[in-house]
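Visitor: The opening residue of the sequence shown carries number 1 in the UniProt record's numbering; numbering runs sequentially from there. Using N, Cα and C, we set each Cβ at its ideal position, and we do this for glycine too.
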Amino acid sequence: MVNLARTPLLFSLIIILGCCTLGLKAQNKFLKAITPDQAILQYAGSIGYLSAGIGYDFFKEKSSLSFLYGYVPKNKGGELDIAAVKFDYKPFKVKIGNQLVWHPINPVAFVSYTFGQEFGFEFDSNVYADGYYFWSPALREHLGVTSELKILGDGSTKIRSISLYAEANTNDLYAINWYHDRKGIAFTDIFRLGFGLKVNF
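1. Pull up the distance between the alpha-carbon of L80 and that of S161, whole angstroms please.
2. Under DSSP, the beta strand (DSSP E) around N98 begins and ends at which residues?
3. Taking the alpha carbon of L100 as the reference point, which residue from Y89, E148, G53 and K158 has its own alpha carbon closest?
4. For S46 and D181, what's the separation of their Cα atoms in angstroms?
5. Which class does F201 belong to by DSSP, given the choice of helix, strand or coil?
6. Going along the chain, which residues of its own chain have a beta-carbon closer than 6 Å to the beta-carbon of D172, five neighbours each way excluded?
7. Could you give the DSSP three-state label for F92: helix, strand or coil?
8. Among the residues of its own chain, which have a CB less than 7 Å from the CB of I185, if the five just before and after it don't count?
9. Grouping DSSP H, G and I as helix and E and B as strand, with all else coil, what is Y71?
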């Protein structure tokens, strides 16, 4: 016979255990959602002399959203700290054998922000009249294209693949300056090159 005095206690324990299980599942789901799909290291390419960050894949790895922090040392043109949020899209791929995948042309767009007292969203109104400069000293909008070669892993580790990529990009300021001085500025001069490595998990 069931001890009626213990029934509420057992019921309470079952409810608590159930809530804990649901909580752990929700926590695991959240942790899985915020765990990056890739680690990134990049040389040059408008985000500092060197930059590093994390990325997340979307739409069955056809696009990714990356968050990067870049640094320019003092001896490379002045000390700068730069943050960037980058979105890229891989419209198609070419398989080369069993272990290589090439994404030849991938559009990329990103926004970068340069930190520092001399940088801000607007120019100092005490020095320049409102509207004298239409651009932001710190904020740049970039468009570009990448080409990526992915080396697939063998499944023995958590690293699914390693990607090597090259990127050419320009920004709003370079593009506008070129438009107003097309005879003096070569179109190719408004682009910056970058090279990077992605470790995909």
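Guide: The structure says:
1. Position 80 of the sequence shown, counted from the first residue, corresponds to residue 80. Position 161 of the sequence shown, counted from the first residue, corresponds to residue 161. Going by the C-alpha atoms only, they are around 32 Å apart.
2. As a working note, residue 98 is residue 98 in the sequence shown. Unbroken run through N98: none, as it is neither H nor E.
3. Here residue 100 refers to the residue found at position 100 of the sequence shown. If we check each option's Cα against that of L100, E148 comes out closest.
4. Residue mapping note: residue 46 aligns to position 46 of the sequence shown, counting from 1. Residue mapping note: residue 181 aligns to position 181 of the sequence shown, counting from 1. Computed Cα separation, rounded: 22 Å.
5. Translated into the one-based positions of the sequence shown, residue 201 becomes position 201. Here F201 sits in coil by DSSP.
6. Within the sequence shown, residue 172 is the residue found at index 172, counting from 1. E141.
7. One-based indexing of the sequence shown puts residue 92 at position 92. Collapsing the DSSP output to three states places F92 in coil.
8. For the purposes of this step, residue 185 is taken as residue 185 along the sequence shown, with counting starting at 1. Excluding residues within five positions, the ones whose Cβ falls inside 7 Å are N177 and W178.
9. Taking the first residue of the sequence shown as 1, we reach residue 71 at position 71. DSSP places Y71 within a strand segment (E or B) once states are collapsed to three.
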